[in-house]
Amino acid sequence: MSARKERVLSGIQPTMDSFHIGNWFGALTQWVSLQQTHDCFYCVVDLHALTVNHDPTKIKARTLASFAQLLAIGIDTSKSTVFVQSHLAEHSQLAWVLSCITGYGEASRMTQFKDKSQKEGADRSTVGLFTYPILQAADILLYQPTKVPVGDDQRQHLELTRDLAQRFNSTYGETFTIPDTMTVVGNSRVLDLQDPTSKMSKSSPVGAVFLMDTNEQIVKKIKSAVTDSDRAVSFDPATKPGIANLIGLLAAATDTQIEATADQVTGKGYGEFKQQVADALVARIEPVRNATESLLKDPAHLQEQIKTGAEKAREVASQTVATAYSRLGLLTEPS
-15 MSARKERVLS GIQPTMDSFH IGNWFGALTQ WVSLQQTHDC FYCVVDLHAL
35 TVNHDPTKIK ARTLASFAQL LAIGIDTSKS TVFVQSHLAE HSQLAWVLSC
85 ITGYGEASRM TQFKDKSQKE GADRSTVGLF TYPILQAADI LLYQPTKVPV
135 GDDQRQHLEL TRDLAQRFNS TYGETFTIPD TMTVVGNSRV LDLQDPTSKM
185 SKSSPVGAVF LMDTNEQIVK KIKSAVTDSD RAVSFDPATK PGIANLIGLL
235 AAATDTQIEA TADQVTGKGY GEFKQQVADA LVARIEPVRN ATESLLKDPA
285 HLQEQIKTGA EKAREVASQT VATAYSRLGL LTEPS
């Protein structure tokens, strides 16, 4: 009998029309690889997108586009459970339970809320933004994963998740698996093309390359990427962060180690080098863009896959909620 695969869960927000290559070369390439070795649950977390101002018509289109892009990059629905967060009421149900055992002080110490509320102003920050990490904890614990791939900016949230799971288990009885951190591998620090001291972000359209960018847009963005006053390529992240970032992108696009890529391009002129990076990104992104567009042209088939994913996810999520409710002493719904 073969050993049961470890379960992994991860999610991504549909806050833009397209993922960018920082998402792809960071977390999402790992999502694809994990399908071969783990029982994977992947979620488009649309409820989290409600914590900031949003356009109701855009969030629908972006959720569909996000789901399509996950399939286009290689997420296989026959190997992974892929679903949309809001299609399962269990996420909100468990989030309320967890909020009732979360201290106000520990919730207020979440650094992401501090950062975002400082930018927006306390009066404009919503309760949803404040409780975002608790919903995230519910997203995770519902599916009883043993591992959660997280970047540095999410480690504090996973620690809260672990604390809440342990607190519930010790108070009401063993209910939740305590998930461990799985370090995101790959080129997880893809930097902004216009500010190579910052991570690539959807909030910087000219500094990010998106999976749905045209070939012309990709080439233009790479050719206008900030470098330095030198003229010859060399890999030195401290003094030449722009060039180092482009070398990292070339390595990711060609699935080559950074060291080997750096050796290959050292000494080239910036013009020739940027063209090489642009060509490699176009070659890697174009098939994904084409596959996404093809999927979006058949929304009925895409919706069917979304429905199937929700049904598979609900088999696990409903059992977790039922167990948690029972442990809490809530009255069982009459059959």
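If you count by the numbering used here, then the sequence shown holds residues -15 to 319, one letter each, in order. Even for Gly, the Cβ is constructed at its ideal location relative to N, Cα and C.
A straight line joining the alpha-carbon of phenylalanine 114 with that of aspartate 147 spans about 17 Å. DSSP, read as helix, strand or coil, puts alanine 222 in coil. If you keep only unbroken beta strand (DSSP E) runs of at least 3 residues inside the stretch 130 to 160, you get 131 to 134. Between glutamine 201 and serine 188 a beta carbon distance of about 14 Å is seen, past the 8 Å cut, so the two are scored as non-contacting. Relative to leucine 233, the option among Thr(-1), Arg(-12) and His4 whose CA is nearest is His4. The three-state reading of DSSP puts valine 193 in coil, since its state is none of H, G, I, E or B. Within the model, the alpha-carbon separation for threonine 240 versus histidine 32 is close to 34 Å. Counted as a single uninterrupted DSSP element, the beta strand (DSSP E) harbouring arginine -9 occupies residues -9 to -4.
Using a Cβ distance threshold of 8 Å, leucine 34 and alanine 301 do not count as a contacting pair. Approximately 5 Å separates the beta-carbon atoms of alanine 297 and threonine 65; this is inside 8 Å, confirming the contact. Counting along the chain, no beta strand (DSSP E) covers phenylalanine 51; the unbroken alpha helix (DSSP H) around it starts and ends at 40 to 56. For threonine 240, the three-state secondary structure derived from DSSP is coil. Between the C-alpha atoms of valine 210 and glycine 226 there is a straight-line separation of about 6 Å. The DSSP-derived three-state label of histidine 32 is helix. Shortest Cα-Cα distance from glutamate 288 to any of Gly58, Trp8, Phe67 and Gly10 involves Phe67. In this structure, the alpha-carbon of serine 278 lies about 12 Å from that of methionine 196.
Using a Cβ distance threshold of 8 Å, isoleucine 290 and phenylalanine 9 do not count as a contacting pair. For the set Gly6, Ile57, Gln69 and Leu18, the Cα lying nearest the Cα of glycine 293 is the one of Gln69. Cβ neighbours of threonine 145 within its own chain (closer than 6 Å, five residues either side excluded): Ala121 and Ile124. The shortest CA-to-CA distance from valine 36 to any of Tyr116, Thr47 and Ala45 is the one to Tyr116. Excluding residues up to 5 positions away in sequence, Lys258, Val261 and Ala262 lie with their Cβ nearer than 6 Å to the Cβ of isoleucine 206 in the same chain. For the pair proline 133 and alanine 11, the CB atoms are nearer than the 8 Å cut-off. Proximity to aspartate 164 across Leu55, Val174 and Gln140 peaks at Gln140, based on C-alpha coordinates. By the neighbour-count criterion, in which a residue is buried when 16 or more other Cβ atoms sit within 10 angstroms of its Cβ, asparagine 274 is exposed.
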